[in-house]
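Numbering (our numbering), first residue to last: 738 to 964. For every residue, glycine included, the Cβ atom is placed at its ideal position computed from N, Cα and C. Below you'll find the structure, written out as structure tokens, and then a few comments.
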């Protein structure tokens, strides 16, 4: 019977895992991954920890297998915390460009690994691998990191399209504007009796069963009615 289009399905020799808001130590996680009963032998594992700009921790994991690993269980890589009553569930992706993933998750040097990494073949970068490289780029955090990933994963595009890549990454990784802070505090440009009146009379509908008083200020132009 054909699989439903929305069902989970992984069939790959290299698996890339990301556990968001993950607090368990690297070595403990490596032991947990090694204790999973895989249907095919794993040949290499690298685990790296990282912290988002908002301070939340997450963990990346690259697993290489002797052959293609197959599962339709979305919970296959869940890890239970021994001290907390919770399960950590990762985002799971198959990857053909394990070298790019390995370098990406190790960019801060905070990682542990088991056994020996198997490099990718030297064949020409396929369209699938190219798409994979750019998917990893979009998961990055800044322009510099994105350019480094392209340089390693798709060096031809890095050389030929550097200007376009740089320009696009300036927009993609543009930092949000800082919250506006008024140059002068309110107390310097609004008279105290006006602040008191507004506090007493300008309220939300639930707090004013009766219509509040209004204020009308009349004077010639350029006499500081507007502050």
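Nonlocal neighbours in the same chain, by C-beta distance under 6 Å from residue i, ignoring five residues either side
i, result
"residue 758", "793"
"residue 748", "805 and 807"
Candidates the options, of which the one nearest residue i by Cα
i, options, result
"residue 834", "808, 801 and 762", "801"
"residue 829", "749, 933, 796 and 755", "755"
"residue 845", "855, 809 and 785", "785"
"residue 904", "889, 881 and 893", "881"
"residue 745", "807, 796, 770 and 775", "807"
"residue 838", "857, 827, 821 and 820", "857"
"residue 911", "749, 771, 877 and 750", "877"
"residue 883", "788, 840, 791 and 771", "840"
"residue 771", "843, 842, 849 and 788", "849"
Cβ neighbour criterion (16 or more within 10 Å) applied to residue i
i, result
"residue 918", "exposed"
"residue 875", "exposed"
"residue 832", "buried"
"residue 799", "buried"
"residue 796", "buried"
"residue 886", "buried"
"residue 952", "exposed"
"residue 897", "exposed"
Rounded C-alpha distance that separates residue i from residue j
i, j, result
"residue 936", "residue 914", "30 Å"
"residue 760", "residue 851", "20 Å"
"residue 933", "residue 823", "51 Å"
"residue 818", "residue 825", "7 Å"
"residue 847", "residue 821", "24 Å"
"residue 895", "residue 774", "40 Å"
"residue 956", "residue 920", "27 Å"
"residue 783", "residue 762", "13 Å"
"residue 766", "residue 790", "23 Å"
"residue 888", "residue 787", "22 Å"
"residue 931", "residue 916", "26 Å"
"residue 908", "residue 873", "17 Å"
"residue 893", "residue 899", "10 Å"
"residue 751", "residue 768", "18 Å"
"residue 827", "residue 816", "9 Å"
"residue 902", "residue 853", "33 Å"
Residues near residue i in its chain [Cβ-Cβ closer than 8 Å; skip 5 each side]
i, result
"residue 855", "780, 781, 801 and 835"
"residue 810", "745"
"residue 879", "910"
Cutoff 7 Å; reference residue i; Cβ partners in own chain excluding five residues on either side
i, result
"residue 813", "none"
"residue 777", "802, 803, 804 and 806"
"residue 753", "799, 830, 832 and 838"
- Item | Ordered list of beta strand (DSSP E) runs contained in the stretch 830-911, each at least 3 residues | 848-852
- Every unbroken beta strand (DSSP E) inside the stretch 779-839 [3 residues or more]: 779-788, 794-808 and 828-831
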